[in-house]
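A.B. asks:
Number of protein chains: 2
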Amino acid sequence: MRIRQLMIEARGCEADLDDAEALQALLRAAAKAVGATEHAASTARFVPHGITAILILAESHMLITTWPEHRLALIDVLLCNDAMEPRDAWAVMKAALRPADELLQEVVRTVG
Amino acid sequence: MRIRQLMIEARGCEADLDDAEALQALLRAAAKAVGATEHAASTARFVPHGITAILILAESHMLITTWPEHRLALIDVLLCNDAMEPRDAWAVMKAALRPADELLQEVVRTVG
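Sequence lines, in order, name chains A and B. With the first sequence counted from 1, adding 4 to any position gets you our numbering. With the second sequence counted from 1, adding 4 to any position gets you our numbering.
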């Protein structure tokens, strides 16, 4: 199975990028939107600011790392189910993060 | 800062890909080899088999997802410190996983 890993740099985000709970909730909302199943969640808070939140899914993972001082978020979406569209997950995140600018990159990965 | 995200498909692995503790220890060894700092670790075990292990680092993350039935491991290494070489982390993992075949892909990401 060939799947696409979606990687995003979201710049000029209007959202609060230092709110770990909100970012974790956002990953959950994005996973729900594509029908993915959560297995575990983890969050790390950096000093003085910045969050990494990850959701481990039955279908692999979604992750967001933020630099609030740059209003920057890096996002990774890997869904090992070719019926799920990673850009649909990004659409949910984008609506909440409200970036001024975004860079999307995709890499094809082969599983199984 | 421009950094490279390293993504690997490791096929025909000789290691036990269903040993969550060993895989988490392997991520820690790889992080140590490049001088990265651990912030949080998370592991998910899938039924009937398969592991996703992640290490959240001060420098972003390392992650491994396995399909023991295919002797396949997917690995992601993102180190937001251009003095750290992601291929050095992979060298540590490769020595333990002992894949018959590997596919390495890199994507440039821009931070800050």
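Where is the CB? At the ideal position from N, CA and C, for every residue including glycine. Note that the coordinates shown come from a computational prediction; the quantities given were computed from them, not determined experimentally.
DSSP on D80 of chain A, reduced to helix/strand/coil?
C.D. replies: Indexing the first sequence from 1 puts residue 80 of chain A at position 76. Strand at D80 of chain A.
A.B. asks: Can you give the Cα-Cα distance for A35 of chain B and A57 of chain A, rounded to whole angstroms?
C.D. replies: For the purposes of this step, residue 35 of chain B is identified with residue 31 of the second sequence, where counting begins at 1. For the purposes of this step, residue 57 of chain A is identified with residue 53 of the first sequence, where counting begins at 1. Cα-Cα distance, rounded: 18 angstroms.
A.B. asks: The segment 87-107 of chain B: which residues have C-beta closer than 9 angstroms to a C-beta of chain A, in chain order?
C.D. replies: Hits within the stretch, in order: L107.
A.B. asks: Taking the straight line between their C-alpha atoms, what separation do you get for L108 of chain B and E13 of chain B?
C.D. replies: In the second sequence, the residue the question calls residue 108 of chain B occupies position 104. In the second sequence, the residue the question calls residue 13 of chain B occupies position 9. If you take the alpha carbons of L108 of chain B and E13 of chain B, they lie about 7 angstroms apart.
A.B. asks: What is the rounded straight-line gap between the Cα of R8 of chain A and the Cα of V51 of chain A?
C.D. replies: For this step, residue 8 of chain A is matched to residue 4 along the first sequence. For this step, residue 51 of chain A is matched to residue 47 along the first sequence. Computed Cα separation, rounded: 33 angstroms.
A.B. asks: Have a look at A62 of chain A and A99 of chain B and give me their C-alpha separation to the nearest angstrom.
C.D. replies: One-based indexing of the first sequence puts residue 62 of chain A at position 58. One-based indexing of the second sequence puts residue 99 of chain B at position 95. Spanning the two alpha carbons is a distance of roughly 27 angstroms.
A.B. asks: Starting from M97 of chain A, trace the beta strand (DSSP E) in both directions and tell me its first and last residue.
C.D. replies: The sequence position of residue 97 of chain A within the first sequence is 93, counting from 1. Counting along the chain, M97 of chain A sits inside no beta strand (DSSP E); it lies in the alpha helix (DSSP H) bounded by residues P90 to L101.
A.B. asks: What are the complete beta strand (DSSP E) segments, minimum 3 residues, inside the segment 10-66 of chain B?
C.D. replies: 42-49 and 55-61
A.B. asks: Label G39 of chain A either buried or exposed according to how many other C-beta atoms from any shown protein chain fall within 10 Å of its C-beta, with 16 as the threshold for buried.
C.D. replies: Here the question's residue 39 of chain A lines up with position 35 in the first sequence. The residue in question, G39 of chain A, is exposed, as its Cβ has fewer than 16 Cβ neighbours within 10 Å.
A.B. asks: At what residues does the beta strand (DSSP E) containing A110 of chain A begin and finish?
C.D. replies: Translated into the one-based positions of the first sequence, residue 110 of chain A becomes position 106. Position check: residue 110 of chain A holds Glu in this sequence, whereas Ala was assumed. Run containing E110 of chain A: D105 to T114, per the beta strand (DSSP E) assignment.
A.B. asks: At a CB distance below 9 angstroms, what residues from the segment 59-85 of chain A approach chain B? Give them in sequence order.
C.D. replies: Listed by position, the residues of the segment 59-85 of chain A near chain B (Cβ gap below 9 angstroms) are I60, L61, A62, S64, H65, L67, T69, W71, E73, H74, L76, L78, D80, L82 and C84.
A.B. asks: Cα-Cα, which of B:I79, B:M11 and B:E18 is closest to L101 of chain B?
C.D. replies: Taking the second sequence and counting its residues from 1, one reaches residue 101 of chain B at position 97. Selected option, being the one with the closest Cα: B:E18.
A.B. asks: Answer yes if the segment 86-98 of chain A comes into contact with the segment 78-86 of chain B, meaning at least three C-beta pairs across the two stretches below 8 angstroms, and no otherwise.
C.D. replies: no
A.B. asks: If you measure from the beta carbon of E25 of chain B to each beta carbon in chain A, is any gap under 8 angstroms?
C.D. replies: If you number the second sequence from 1, residue 25 of chain B lands on position 21. Using a CB distance cut-off of 8 angstroms, E25 of chain B does not count as an interface residue toward chain A.
A.B. asks: Alpha carbon to alpha carbon, how far is M88 of chain A from P72 of chain A? Give it in angstroms, no decimals.
C.D. replies: Here residue 72 of chain A refers to the residue found at position 68 of the first sequence. Here residue 88 of chain A refers to the residue found at position 84 of the first sequence. If you take the alpha carbons of P72 of chain A and M88 of chain A, they lie about 30 angstroms apart.
A.B. asks: Mark G54 of chain B as exposed unless 16 or more other C-beta atoms lie within 10 angstroms of its C-beta, in which case mark it buried.
C.D. replies: Here residue 54 of chain B is taken as the residue at index 50 of the second sequence, counted from 1. Looking at its Cβ environment, which holds 16 or more other Cβ atoms inside 10 Å, G54 of chain B is buried.
A.B. asks: Can you give the beta carbon distance from L59 of chain A to M66 of chain A, rounded, assuming they're within the 8 angstroms contact cut?
C.D. replies: Taking the first residue of the first sequence as position 1, residue 59 of chain A is located at position 55. Taking the first residue of the first sequence as position 1, residue 66 of chain A is located at position 62. The Cβ separation is near 5 angstroms, so the contact holds.
A.B. asks: Under 9 angstroms between beta-carbons, which chain B residues line up against R113 of chain A? List them in chain order, please.
C.D. replies: Translated into the one-based positions of the first sequence, residue 113 of chain A becomes position 109. Residues of chain B with a Cβ closer than 9 angstroms to the Cβ of R113 of chain A are, in chain order, M11, E13, L78, L107 and Q109.
A.B. asks: Buried or exposed for A48 of chain A, going by 16 or more other Cβ atoms inside 10 Å?
C.D. replies: For the purposes of this step, residue 48 of chain A is identified with residue 44 of the first sequence, where counting begins at 1. Buried, since its Cβ has 16 or more Cβ neighbours within 10 Å.
A.B. asks: Is it true that the CB of S46 of chain B sits closer than 8 angstroms to the CB of A44 of chain A?
C.D. replies: Working through the first sequence from its first residue, we reach residue 44 of chain A at position 40. Working through the second sequence from its first residue, we reach residue 46 of chain B at position 42. Yes; because the gap between Cβ atoms is below 8 angstroms, this pair is in contact.
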